[in-house]
Every structure is written in C-alpha cells, then in structure tokens.
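From first to last, the protein sequence lines stand for chains A and B. Residues in the first sequence are numbered from 12 upward in steps of one, following the numbering used here. Residues in the second sequence are numbered from 11 upward in steps of one, following the numbering used here. Here's the structure we're looking at; comments come further down.
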Amino acid sequence: MTTVEEKAEPGRKRVSEEVLRGFFRQMLLIRRFEEKVEERFRAGELPGFLHVAIGQEAAAVGVCSALAREDVIASTHRAHGHAIAKGTPIERIMAELYGKLEGCSHGYGGSMHLYDVEVGNLGANAVVAGGLPAVVGAALTFQMRGEQRVAVAFFGDGATNTGTFHESLNLAQLWKVPAIFALENNGWAESTPASQQLPLPVDKLGKRASAFGMKLIEADGQDVEAVYLAALAAREHALAGKGPVLLHLRTNRLTGHYIGDPQIYRDRDELKRERESKDPITLLAARLELSDEELAALDAEITAAVEASVEFAKAGTDPRPEDAVKFVYA
Amino acid sequence: MPELTYREAVRDALARALRADEDVFVMGEDIAEMGGSMGVTQGLLQEFGPGRIRNTPISEMAIVGSGIGAAMQGMRPIVEIMYEDFLTLSMEQLVNQAAKHRTMSGGQLKVPLTIRTQGGAGWSPGAQHAQQLEAWFVHVPGLKVVFASTPEDVRGLLWSSIYDDNPVVFFEHRTLYPLKGHVPDELEPIPLGKARVHREGEDVSVVATGRLVHESLKAAEAAEQEGISVEVVDPRTLLPLDEETIIASVRKTTRCVTAHEAVTRGGFGAELAAVIQHGAFDWLDAPIERVGARFAPLPFAPAMEHWVVPHADDVLTAIRRTVARG
Numbered sequence: 012m013t014t015v016e017e018k019a020e021p022g023r024k025r026v027s028e029e030v031l032r033g034f035f036r037q038m039l040l041i042r043r044f045e046e047k048v049e050e051r052f053r054a055g056e057l058p059g060f061l062h063v064a065i066g067q068e069a070a071a072v073g074v075c076s077a078l079a080r081e082d083v084i085a086s087t088h089r090a091h092g093h094a095i096a097k098g099t100p101i102e103r104i105m106a107e108l109y110g111k112l113e114g115c116s117h118g119y120g121g122s123m124h125l126y127d128v129e130v131g132n133l134g135a136n137a138v139v140a141g142g143l144p145a146v147v148g149a150a151l152t153f154q155m156r157g158e159q160r161v162a163v164a165f166f167g168d169g170a171t172n173t174g175t176f177h178e179s180l181n182l183a184q185l186w187k188v189p190a191i192f193a194l195e196n197n198g199w200a201e202s203t204p205a206s207q208q209l210p211l212p213v214d215k216l217g218k219r220a221s222a223f224g225m226k227l228i229e230a231d232g233q234d235v236e237a238v239y240l241a242a243l244a245a246r247e248h249a250l251a252g253k254g255p256v257l258l259h260l261r262t263n264r265l266t267g268h269y270i271g272d273p274q275i276y277r278d279r280d281e282l283k284r285e286r287e288s289k290d291p292i293t294l295l296a297a298r299l300e301l302s303d304e305e306l307a308a309l310d311a312e313i314t315a316a317v318e319a320s321v322e323f324a325k326a327g328t329d330p331r332p333e334d335a336v337k338f339v340y341a
Numbered sequence: 011m012p013e014l015t016y017r018e019a020v021r022d023a024l025a026r027a028l029r030a031d032e033d034v035f036v037m038g039e040d041i042a043e044m045g046g047s048m049g050v051t052q053g054l055l056q057e058f059g060p061g062r063i064r065n066t067p068i069s070e071m072a073i074v075g076s077g078i079g080a081a082m083q084g085m086r087p088i089v090e091i092m093y094e095d096f097l098t099l100s101m102e103q104l105v106n107q108a109a110k111h112r113t114m115s116g117g118q119l120k121v122p123l124t125i126r127t128q129g130g131a132g133w134s135p136g137a138q139h140a141q142q143l144e145a146w147f148v149h150v151p152g153l154k155v156v157f158a159s160t161p162e163d164v165r166g167l168l169w170s171s172i173y174d175d176n177p178v179v180f181f182e183h184r185t186l187y188p189l190k191g192h193v194p195d196e197l198e199p200i201p202l203g204k205a206r207v208h209r210e211g212e213d214v215s216v217v218a219t220g221r222l223v224h225e226s227l228k229a230a231e232a233a234e235q236e237g238i239s240v241e242v243v244d245p246r247t248l249l250p251l252d253e254e255t256i257i258a259s260v261r262k263t264t265r266c267v268t269a270h271e272a273v274t275r276g277g278f279g280a281e282l283a284a285v286i287q288h289g290a291f292d293w294l295d296a297p298i299e300r301v302g303a304r305f306a307p308l309p310f311a312p313a314m315e316h317w318v319v320p321h322a323d324d325v326l327t328a329i330r331r332t333v334a335r336g
C-alpha cells in the first residue's frame with residue numbers, strides 16, 4: 012500500500028507522481044511479460060491454454076496496490092497480471108508456464124492455476140466465477156478471527172451471469188464479510204459481446220450490486236489511479252465492518268480471449284480504436300509526461316528482466332512424472 | 011458403554027469437536043434453530059451460538075465454496091448439504107475446487123473441509139430426495155468418501171473426517187438415524203480407510219455399505235439357517251478403500267456379494283468387484299454378485315419404491331447364487 016495525498020483540487024484525492032510511476036513500471040512489466048508469453052507460446056515452447064491480460068493491466072495493479080500483503084486474492088483464467096501485481100516474482104510465474112518445479116505452483120497448476128500463498132494469492136481459477144465462494148469463506152474466517160484483512164475475488168462480466176456469482180454475493184452481503192468483488196468488465200464473455208450476454212447496458216453492470224444491497228464502487232478500469240483510489244475505498248469499507256463491496260472496473264481486452272484467438276467475432280476498426288484510445292499504459296505515459304528517453308530506459312530494463320525470466324524458466328527443473336500424485340492428499 | 015442413536019452419535023461428534031476446537035464451525039440450511047431437517051444439529055445453536063452454528067441461504071454452491079475458503083485459511087468447517095441429491099448443486103465446488111486446490115497449488119494449500127449429507131429410500135419422497143450418489147465422489151482424486159452404518163462408526167469416523175486435512179464427503183443414511191447402538195464412553199477416532207468385519211463367516215463374503223450392512227446381516231442370519239456361513243464386511247470408508255481386509259475376506263470365503271442401496275450400474279459395487287477379482291482371482295469359486303437398486307429414478311408409490319431398492323432377501327438371493335456355483 013502507498014499513501015494518498017490531497018492535491019490542489021479540493022475534495023479530490025490524488026496519488027503522488029512517484030507512486031504513479033511505480034504503477035507504470037508494474038503495468039509495463041505485465042505488458043512485456045504478456046507479450047513475451049505470446050511470443051514463446053507461438054514459438055511452441057509453452058504447453059497449455061493461455062490467456063493474456065493485455066489492456067487490463069491497470070485493474071490488476073490498481074487493485075493489488077491497494078491491498079496489504081496479508082490480504083488475499085482469487086484470480087481468473089486471465090491470471091498473469093494479478094499474480095505479478097500481488098507480488099509473485101515474474102521468474103516464478105514464467106517457470107510455472109514452462110511447467111517447472113521452480114514455478115509458483117511447482118508445475119502442477121499452469122497459466123490458469125497460478126498460486127502463491129505466501130503473498131496471498133489463493134489461486135487462479137479456470138472455472139468462470141469458480142473462486143468467488145472461497146473468497147467469501149476466507150473473508151468469513153477473517154471476520155470470525157477478528158483479523159483486519161480483506162479477501163478479493165477477480166472476475167469478469169461473463170461471471171456475473173453464473174449462479175456462483177449470485178450465491179456468493181448474496182452470502183457475503185448477508186454475513187457482511189470483508190470481501191471485495193473486483194469486476195473486470197471488458198465487455199466480452201470469451202467471444203460473446205455484452206449485447207448477447209447481459210440484459211442491461213455493459214456500463215451499468217454495477218447495478219447488480221443493488222440486488223444484494225451491496226456497496227458499489229465504480230472506476231474507469233483504464234485509469235490506474237482511479238482504480239487504486241476506488242480499491243482503497245473498498246478496502247476501507249470492508250474493514251470497517253460495513254460489508255463487502257462490488258468494485259466495478261470498466262476495462263478493455265485489447266487482445267483475443269486466448270493466445271491464437273483469430274477474433275473473427277470482433278470488429279477490426281473498433282479494436283483499433285480501442286487500442287489507440289483505451290490502452291492504460293499509453294494513457295498513463297501521457298499523463299506522466301514521460302520523455303522518450305525515460306520510457307526507453309525503463310522499457311529496456313523491464314524487457315531484460317522478462318528475458319531473464321525466460322532464461323530462468325528454461326533452466327528450471329522438470330518434475331518427475333511420478334510426482335504427479337504427490338499432492339493428491341494432504 | 012452408553013447407548014446412542016446414530017443421530018445422537020453424529021451430534022455428539024460435532025459437539026465434541028466444537029468444544030475442543032475454535033476452528034470448527036458448522037453451516038448449512040436450517041441447521042440452527044430447527045436443528046437440521048433430520049434433527050441432527052439440535053441443541054448446537056444453544057451451546058455454541060449463531061457465530062459457529064450458521065444457517066445459510068439455499069445456496070449449495072456457496073455453502074460448499076465458502077467452506078473451502080474457510081478451510082484454506084486454516085478453519086475446520088463442517089458443512090451440511092440437506093439431501094445428497096442437492097450435492098449436485100455444489101458439484102463444481104466439490105469436484106473442481108475442493109478436490110483440486112492442493113494439487114493445483116503444488117502442495118501449498120490444504121482443504122480440511124467436511125461435507126456431511128444424507129440420503130436413502132424407504133419413505134417415499136420420490137426421485138429427488140433419496141438418491142445414493144456416493145460412487146460419484148469415489149471417482150474424484152483429492153476427495154475422501156465415508157459412509158458409516160452404525161452409531162459407533164458414525165461418531166468415530168466423523169471425528170476423523172473433521173480432523174482430516176482433506177475434503178471428506180461424509181454420507182449418512184436417513185433410515186439409520188433412529189438406530190441405537192453402544193458407543194465407547196470416550197470418543198475413539200476411527201481411522202479413515204479401515205474396514206470393519208461385522209460378522210465372520212466361511213462360505214461367502216458380503217461387502218456392504220450404509221443401510222445394506224444391516225440388510226446383509228439379516229440375510230446372513232437367514233443363510234445360516236440354510237447352512238451357509240456368511241461374512242459381512244463394511245468398508246466404512248469408500249475412498250481410501252481398505253482393499254487388504256476385503257481381499258483377505260474373499261480369499262478366505264472364495265465367494266463374494268457386494269451390496270449397496272445405490273443403483274447397481276456404475277455403483278460402488280462395480281469398483282469393489284474390480285478390486286476383488288484382481289486381488290483374489292485365483293481364489294474365486296463364483297462370479298461376484300452385485301446387489302443394488304434397479305436402474306430407475308426412485309418412484310413415489312411405496313410399492314414401486316420398495317421394489318426398486320434392495321433388501322435382505324435380495325442379498326440372500328445373491329448369496330444363494332454364489333453358493334449354487336459350487
């Protein structure tokens with residue numbers, strides 16, 4: 012967590028430039044990591060099914076930066092950004108994607124099951140909305156034990172159509188547990204647009220909170236400062252014993268659903284416009300007025316770190332096949 | 011030794027664990043003031059309060075799922091799913107989440123969650139309140155599956171399930187709740203994965219679960235009148251399975267009948283038959299007979315329901331068939 016300053020505009024909280032620069036670095040790290048993952052997948056080096064979070068970096072960084080280390084998250088199939096933002100070193104994530112023992116799930120999880128319990132990542136889930144009930148249970152535990160911690164579930168707009176979502180929010184509000192439901196609304200359920208899966212306008216999806224009498228906090232998911240401030244407010248609300256929060260973040264998926272998705276369902280011009288106007292990294296770079304030299308230097312540093320994570324992963328240890336059964340039971 | 015009903019024995023295990031351990035709590039539908047639809051949790055609210063005896067909405071996915079989340083934070087939740095038919099509503103959380111977190115995390119997490127449920131025919135509720143679905147869960151690596159048939163067993167096994175570090179699906183049989191039996195003064199944990207030989211015999215082994223343990227014991231007495239000596243074995247834990255005890259029994263008797271109330275096809279008896287033929291092939295003198303329900307959704311009319319599910323005479327018929335093979 013970082014501090015928030017009151018700036019010139021009265022009543023409006025702002026985040027210091029130094030903090031924003033830290034966010035920028037993390038967002039760029041996620042972007043370059045995801046681009047490298049795409050590249051290595053296309054080169055045939057990475058097994059499995061991969062979903063990158065290009066375009067959604069501000070949501071991951073803004074939310075996780077508002078959390079304490081002892082707060083926990085549950086992530087989704089689009090998990091890499093959340094894992095990085097919650098504090099897992101990229102080389103351990105990359106090693107997981109290569110199926111190595113050094114990976115954050117020791118090669119048992121893969122891209123859709125990144126765990127790092129030490130930093131509070133209770134796991135990414137490949138079932139849409141699958142992690143929500145466990146977040147309610149984690150938050151219930153914090154409440155029962157009187158611990159000042161929150162549990163956060165990431166999920167997308169598609170997840171809000173599942174029964175699990177409704178059961179989880181209903182129970183969380185009923186028991187007023189300190190949970191934050193971080194809705195990354197990118198307007199797509201895989202290939203299905205909002206118009207075909209949501210009975211209300213995509214920008215109004217936060218209204219679902221009212222069905223449960225739940226506190227709604229909304230922010231532009233492409234503006235990391237707004238996300239961060241909203242997440243801080245959500246955490247404060249939850250920790251004050253006022254109950255859970257639906258944190259609605261309108262975001263943009265600037266790539267396909269999965270790596271290799273030809274996106275035949277998507278309007279090319281619109282995607283181009285989104286890439287030009289909704290890229291959270293471009294937006295933040297402009298706001299920070301980063302010089303070309305600064306940007307190039309930072310990019311070079313991050314690119315080298317990502318490259319090093321690939322080298323670390325490739326040099327990692329392959330699991331023994333027979334260890335597949337090692338953790339079936341505790 | 012005190013005498014308890016099966017219902018009281020379950021309650022006793024719950025109360026003792028709740029007293030012993032702040033991390034234990036119970037949640038489910040109608041379990042607080044009402045004491046559960048089967049009356050199992052009556053009195054617990056008064057002793058332990060609403061913070062630890064928690065009524066829930068009708069949300070099976072969230073009940074099991076929040077139990078998982080609490081378990082992963084180090085609690086030992088016991089969740090009640092009112093009827094095992096309703097386990098179907100929580101399958102995603104049970105199968106994809108509870109069973110898999112430990113492996114998916116590479117051993118970082120454990121899920122010490124107990125899911126109590128009950129079912130069983132004999133009271134004409136129709137097709138959605140009395141199924142026996144235990145075999146489904148035996149097919150899921152990461153879960154443990156228990157099905158207890160006596161007051162002593164249900165108490166000792168429930169205790170072990172609560173203190174097991176894995177998710178345990180714990181089956182109780184509705185018609186056994188009033189059954190009385192002696193239990194030790196002090197609760198003795200019964201390890202998961204240990205079968206119980208209820209009756210020793212020489213000619214046929216009946217491996218039975220749940221209500222069919224008692225039906226098989228009746229069948230064994232009837233068979234004795236006909237000069238057939240029957241051994242009755244209750245695995246008690248279906249996963250992990252005490253293969254050693256079961257195979258040893260069949261090697262001794264050379265004949266085997268499996269018996270459960272669930273439908274025969276794809277039932278736990280099929281798994282038992284596979285284990286037994288592999289472990290006792292050279293000893294077997296007759297094909298393994300399987301006793302179970304006919305392949306039909308449970309019908310409502312009492313006469314039809316009675317005909318669909320197996321009883322002692324079905325077990326006796328199967329025993330006679332194995333002996334008739336010589």
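A virtual CB, placed ideally from N, CA and C, is assigned to each residue, including glycine.
Here DSSP, grouped into helix, strand and coil, assigns B:Trp317 to helix.
When C-beta atoms of the region 268-275 of chain B are compared with those of the region 125-143 of chain B, three or more pairs fall below 8 Å, so the two segments count as touching. Chain B places no beta carbon closer than 9 Å to that of A:Ala237, leaving this residue out of the contacts. Under the 10 Å beta carbon count, A:Ile191 is surrounded by 16 or more other beta carbons and is classified as buried. A:Ala64 sits away from A:Arg25, with the two beta carbons spaced by 9 Å or more.
Taking a Cβ-Cβ cut-off of 7 Å, the neighbours of A:Glu178 in chain B comprise Ser69, Met71, Ala72, given in sequence order. With respect to A:Ala69, A:Gly252 sits apart: the two C-beta atoms are not nearer than 9 Å. Separation of A:Ala319 and A:Val146 (C-alpha to C-alpha, rounded to the nearest whole angstrom) is 34 Å. Judged by DSSP in its simplified three-state form, A:His268 adopts coil rather than helix or strand. Ranked by Cα distance from A:Met123, the options A:Lys97, A:Ala296, A:His93 are led by A:His93. A:Asn181 reaches chain B at Pro67, Ser69, Ala72, counting residues in chain order whose Cβ is nearer than 9 Å.
For A:Asn181, the enclosing alpha helix (DSSP H) stretches over residues 174-186. As summarised for the region 153-197 of chain B, the continuous alpha helix (DSSP H) elements at least 4 residues long and confined to that stretch are 161-172, given in chain order. Going by DSSP, B:Thr15 is part of the beta strand (DSSP E) stretching over 13-15. Under DSSP, B:Gln128 forms a beta bridge with B:Glu182.
With respect to the 9 Å criterion, A:Gly73 and A:Thr266 are not classified as neighbours on the basis of their beta carbons.
Annotation for A:His248: the continuous alpha helix (DSSP H) segment containing it runs 235-250. Under the 9 Å criterion on CB atoms, B:Met85 is classed as interfacial with respect to chain A.
Per the Cβ contact rule, the region 90-109 of chain B is in contact with the region 122-130 of chain B (3 or more Cβ pairs under 8 Å). Taking a C-beta cut-off of 7 Å against chain A, the contacting residues of the region 103-130 of chain B are Gln103, Asn106, Gln107, His111, Arg112, Thr113, Met114, Ser115, Gly116, Gly117, Gln118, Leu119, Lys120, listed in chain order. In the three-state reduction of the DSSP assignment, A:Cys75 falls in the helix class, which pools H, G and I. Residue state for B:Val150 is assigned as coil, using DSSP reduced to three classes. If you check each beta-carbon in the region 142-165 of chain B against every beta-carbon of chain A, the ones closer than 9 Å belong to Pro151, Gly152, Lys154. Contact annotation: B:Thr113 and A:Val128 have beta-carbon atoms that are not nearer than 9 Å. Between B:Met85 and B:His111, the CB-CB gap reaches or exceeds 9 Å. Boundaries of the beta strand (DSSP E) harbouring B:Met37: 34-38, taken from the DSSP string.
Against chain B, the CB of A:Ala77 has no partner CB under 9 Å away; the residue lies outside that interface. Apart from sequence neighbours up to five positions away, the residues of its chain that approach B:Asn176 with a beta-carbon distance below 6 Å are Lys154, ordered along the chain.
A:Lys226: member of the beta strand (DSSP E) spanning 226-231, first to last residue.
The Cβ of A:Ser116 sits closer than 9 Å to at least one Cβ of chain B.
Pairing B:Glu299 with B:Ala280 gives a Cβ-Cβ distance that is not under 9 Å. Residues of the region 144-173 of chain A that bring their beta carbon within less than 8 Å of a beta carbon in chain B comprise Pro144, Ala145, Val146, Val147, Gly148, Ala149, Ala150, Leu151, Thr152, Phe153, Met155, Ala162, in sequence order.
Residue-level contact by beta carbon fails for B:Gly59 and chain A, as no gap is shorter than 9 Å. Judged by their CB atoms, A:His268 and A:Leu227 are not nearer to each other than the 9 Å cut-off. Boundaries cannot be given for B:Leu99, as no alpha helix (DSSP H) includes it and DSSP labels it neither H nor E. If the five residues before and after A:Ile101 are omitted, its C-beta is found closer than 8 Å to the C-beta atoms of Leu40, Phe44, Ile95, Ala316, Val317, Ser320, all from its own chain and listed in chain order.
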